[in-house]
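I have placed the structure first, in the form of structure tokens, so that the comments after it can refer back to it.
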Amino acid sequence: MITCKSISKSYTKGTNIVTPLENLDLEVGRGEFLALMGPSGSGKTTLLNLISGIDSPSSGSLIIDGENIASFSRKQLTAWRARKVGYIFQLYHLIPVLTAFENVELPLLITSMSKAERRQKAEEALEIVGLQDRSHHTPSELSGGQEQRVAIARALVADPALLVADEPTGDLDRESATMILELLQKLSRERGKTIVMVTHDARAAAAADRTLHLEKGKLLENEPHL
Ligand SMILES: Nc1ncnc2c1ncn2[C@@H]1O[C@H](COP(=O)(O)OP(=O)(O)OP(=O)(O)O)[C@@H](O)[C@H]1O
Ligand SMILES: [Mg+2]
């Protein structure tokens, strides 16, 4: 599903050049759930942003589902992202004045879908995360774990093949974190979603099929999880 070949990413900070990723190779299979660990500043978010088309590599090729997105223009990337990728954040990033249902429906407003279709898709996504009964509540009326489930429903609503998550359990208690991890496992096993999850928590990483460690711009592999 994902093949990164010799990708590098540099940023210019004033007169300094920072290169968090240098000649990095990565393969992720379709339907695989991959955990990505590594110290702060090692480039984990940078890598997620490249894989999800939020940012472009300075060099190298990035083939996702058969398309080399490294060669895409900004405009092509935006359209590609809306079809292919769901992004899940540590702090959910829900819109506080919208209900759970409206937050989930939001990514569909830029598509040509009818109102009835949007309603059906949003309801389905809320059902997958087990929150149909909370659809008319606003984020402030939900627990952190429920907010993250709404955010996952929003990431899922356009049925993307790829989900990327940046510390999705970083702000949750143990019980809510477990629920989110089980949900991500279910999405990869039962719905064939390819998932790349950044985490600092070894217990969260153990929920994935495989863990990679990013250190000094290089990826080191663990034994696959049993
Ligand atoms: N837009 C940017 N402009 C300049 N430098 C950046 C930018 N984004 C990231 N960096 C730098 O790239 C390096 C990697 O950052 P990144 O956010 O990918 O790390 P991370 O592994 O996600 O860290 P954390 O665990 O703290 O979230 C850091 O040195 C950071 O300062
Ligand atoms: Mg980060």
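If you read the sequence shown in this note's numbering, its first letter stands for residue 1, the second for the next number, and so on.
For each residue, glycine too, the CB sits at the ideal point set by N, CA and C.
Every value quoted in this text rests on a predicted model; they were computed, and no experiment measured them.
In the stretch 99–177, which residue ranges form an unbroken alpha helix (DSSP H) of at least 4 residues, counting only runs that do not cross its ends?
-> Listed in chain order, they are 100–105, 115–128, 144–156.
Taking residue 65 as the reference, give the member of 74, 57, 81, 54 with the closest Cα.
-> Mapped onto the sequence shown, residue 65 falls at position 65. Residue 81 is the option with its Cα nearest to residue 65.
Along the chain, where does the alpha helix (DSSP H) that runs through residue 210 open and close?
-> Counting from one through the sequence shown, the residue named residue 210 turns up at place 210. Per DSSP, residue 210 belongs to no alpha helix (DSSP H); it is in the beta strand (DSSP E), 210–215.
Where residue 27 sits in the DSSP three-state scheme = Start at 1 with the first residue of the sequence shown, and residue 27 comes out as number 27. In the structure shown, the three-state DSSP call for residue 27 is strand.
With distances taken from CA atoms, which of 87, 117, 128 is nearest residue 182?
-> As a first step, residue 182 is located in the sequence shown; it is residue number 182 there, counting from the start. Taking the Cα of residue 182 as reference, the smallest distance to any Cα among 87, 117, 128 is reached at 128.
Hey, is the stretch 162–180 in contact with the stretch 81–98, meaning 3+ C-beta pairs nearer than 8 Å?
-> By the Cβ test, the stretch 162–180 is in contact with the stretch 81–98, since at least three Cβ pairs between them sit closer than 8 Å.
Can you check whether the CB of residue 176 is closer than 8 Å to the CB of residue 143?
-> For this step, residue 143 is matched to residue 143 along the sequence shown. For this step, residue 176 is matched to residue 176 along the sequence shown. Closer than 8 Å, so yes.
In the structure shown, what three-state DSSP assignment does residue 184 receive?
-> Residue numbering aside, residue 184 sits at position 184 when the sequence shown is read from its first letter. Helix.
Closer than 7 Å: is that where the CB of residue 216 sits relative to any heavy atom of ligand 2?
-> Taking the first residue of the sequence shown as 1, we reach residue 216 at position 216. For residue 216, the shortest separation between its Cβ and any heavy atom of ligand 2 does not lie below 7 Å.
Cβ-based burial, residue 59 [other Cβ within 10 Å; buried from 16] | Position 59 of the sequence shown, counted from the first residue, corresponds to residue 59. Answer is exposed; the Cβ neighbour count stays below 16.
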